[in-house]
Each structure stands twice: as C-alpha cells, then as structure tokens.
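So the structure is just underneath, and the comments pick up after that.
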Amino acid sequence: MPSRSVARTGRLRDGRGRADLWLGYQGPANRPFGAATSAATGRLVARHAVHTSAADFSLMLVAPEWMTRRTVSLAIADAVAELRAIDATYSPLRRGSLVSLLRRGEVTPEAYAPLADIVARCDAMRAATDGWFDAWAVPGGFDPGGLLKGWAVERAAARLRASGITDYAVVGEADLAVRGNAPHGGPWRVAIHHPREPRRVPMMLEMTEGAVGTSGITGHSGHVVDPHTGEIVRHVGCAVVTGPDLSIADAYATALYAAGPAGLGWFPTVDGYRMLFADCRPA
C-alpha cells in the first residue's frame, strides 16, 4: 500500500510549534515530539524513549478509549522489548549477535527466519539502487545498519498494532513510521528541518500512514560509505524518502545520500516510495 503522506508547501508561521513530530531539529529542544500532552478526544496519550547500542527510539501513542493505563503500559513494554531484542540479536555492534556471527561465517541466514528476512531485504535494495545500498560493501563485512533501524521500528509498530493501538508514531532518531491520527485528532504533522539552514521554515507533511526515511538530516557526516569505492561519503546535505515501510525508505535515503543526482531516477517507485528532497553536494 502506498504511503498516504502529503507534503504541505505553504509556509507556516511557527513550524516547530505546530508540528507533532520533528525530524532534524537541532535547537535546544532537540526531541522528536511536539508539545501535545493529551488527546483532543480525551483519550490517553503516552510517550516512551528507548536507548539501544545502535540507536535511540521514541514512541508516542493515542490509546483507544477502552484501554486502561495498565494495558497501555503493557503495550509499550511489548514494543520496547521488541526493540531491545532486535538490538541484542541483530546489531552488528554486538560481537555475539546473529549479524556478527554471519559476518564471521559461523551461521547462515537460512538458520533464522528474521535474519534471512534482513539479508533478503538488503539484497533487494542493492538491486533497486544499482548497488548504491550494499550491505556487503562496507568495512568489516555484512552490515545492514542502513536498513536495520527502520526494520526495528516497523516490528515495534507491529507489536503496538497487535496490542490494539492504531494511532501511533515510532521514531528512530531521524526516521519514523506513523499510523492513524495524532493527539489533536488529525493526521500526524511532521516537520523536516534542513540540516544547514536551521532558521528555514521546515518542510511539513501530514500523514495518516507510512514512513519517512532520512540520511544526513541531523547534519552529521561520515555515517555513509560509498559502496563502489569503500570511502566515507563526504557530501554535505541530506536525503528524505517516504513510503509504506521504513526499512525500505531508510535504505533508499541512505543510497540516495551516497549516489547524489545518480539516484534521482529511482523515484517514484511502483511500490510507493518517493523522494521528498535530496540536497547532496561536495563538502
């Protein structure tokens, strides 16, 4: 299903204040969520932050009317447990993870269905991006890091849905997946800030389902490897991709950041991924 995200091109007087979710904002209140504390409908709104070895995650949900605080807490705990289990089991930063064992040739992907899924997604994205996303062409061997965070977000979101929650946002640093409505009762309003021009009014999206994958939006560099040369990409800028699944959108954004103009021809894809912007120029 394609992402039902809509880019708002009109300027807002105060984009940060009106947004429910902020991506790339580097001001003193560097956090992913806006100021909403309660739902317009009176339903419970809950937030939770999770730190793992590979990334920081944040969850925000609007509970159904029938949910008690205890039920909401259990739903959050289930999603958090999923994120922590993925970090422990698949993070390339952990020597005993399945990804690290795979790098050393001690296991095969077929032995573990989720690992096989990660490998298959990486292989598919290598083909879809003309080799600009290549988990096998980074120092140290197979590293699905450009896709793994989005995969973790999607699996945590699936745990929320399994608990009966249909209005939520799950953020993995500068990437996110949303569904349903924000606390104010309308679509989630996402502000995307330009990494080099923090005073510029941010791009605004309204979303009721889908994902936003970014690369370089926080202004950090040195996080992407050119798979064709093995060298760190020295671009200054960022790439932003929307679509139905965050693992794929994030991989596309990583590849687009590395490829620059060479990646513009990938979009829009037949399965609903599109580029919002790519601003990559030599440092």
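Our numbering numbers the first residue of the sequence shown as 6 and each following residue consecutively. By construction, the Cβ of each residue, glycine as well, lies at the ideal position given by its N, Cα and C atoms.
- The C-alpha of W141 is placed about 31 Å away from the C-alpha of A54.
- According to the DSSP secondary-structure assignment, W27 is paired through a beta bridge with A196.
- Taking E70 as the centre and dropping the five residues before and after it, the same chain places the C-beta of R48 closer than 7 Å to its C-beta, in chain order.
- DSSP lists T247 as the bridge partner or partners of R279.
- Shown here for L79: same chain residues with a beta carbon closer than 8 Å to its own, the five before and five after excluded, namely S168 in chain order.
- Put simply, the region 141-157 touches the region 87-97. At least three CB pairs are less than 8 Å apart.
- Per DSSP, E211 is one residue of the beta strand (DSSP E) stretching across 208-212.
- Assigned with DSSP and collapsed to three states, D128 falls in helix.
- Taking C-beta separations shorter than 7 Å and ignoring five residues to either side along the sequence, the partners of L165 in its chain run L66, A80, A84, Y173, following chain order.
- According to the DSSP secondary-structure assignment, L64 is paired through a beta bridge with H53, V175.
- Collapsing the DSSP output to three states places S220 in a strand.
- For L106, the enclosing alpha helix (DSSP H) has its first and last residue at 103-108.
- When only Cα atoms are considered, R194 and P37 end up about 12 Å apart.
- In the three-state reduction of the DSSP assignment, V158 falls in the helix class, which pools H, G and I.
- Membership of A182 in the beta strand (DSSP E) is indicated by the continuous run 180-184.
- Assignment of I91 by DSSP, reduced to helix, strand and coil, places it in the helix class.
- Per DSSP, the beta bridge partners of V230 are I237.
- The beta carbon of M130 sits closer than 6 Å to the beta carbons of F138, A256 from its chain, once the five residues preceding and following it are set aside; these are given in chain order.
- Take V124, set aside five residues on each side of it, and the residues of its chain with a beta-carbon closer than 6 Å to its own are P114, in chain order.
- Taking G242 as reference, the option from D25, G136, P200 with the minimal CA-CA separation is P200.
- Excluding the 5 residues flanking it on each side, R205 has same chain C-beta neighbours closer than 8 Å at H198, H199, in chain order.
- With distances taken between CA atoms, A182 lies nearest to V246 out of R75, T73, V246, P273.
- Within the model, the alpha-carbon separation for A51 versus T76 is close to 12 Å.
- Closest option to I170, judged by alpha-carbon separation, among G177, A161, V176, E178: A161.
- Taking C-beta atoms as the reference points, S252 and L152 count as a pair closer than 8 Å.
- In terms of Cβ geometry, G277 and P249 form a close pair [threshold 8 Å].
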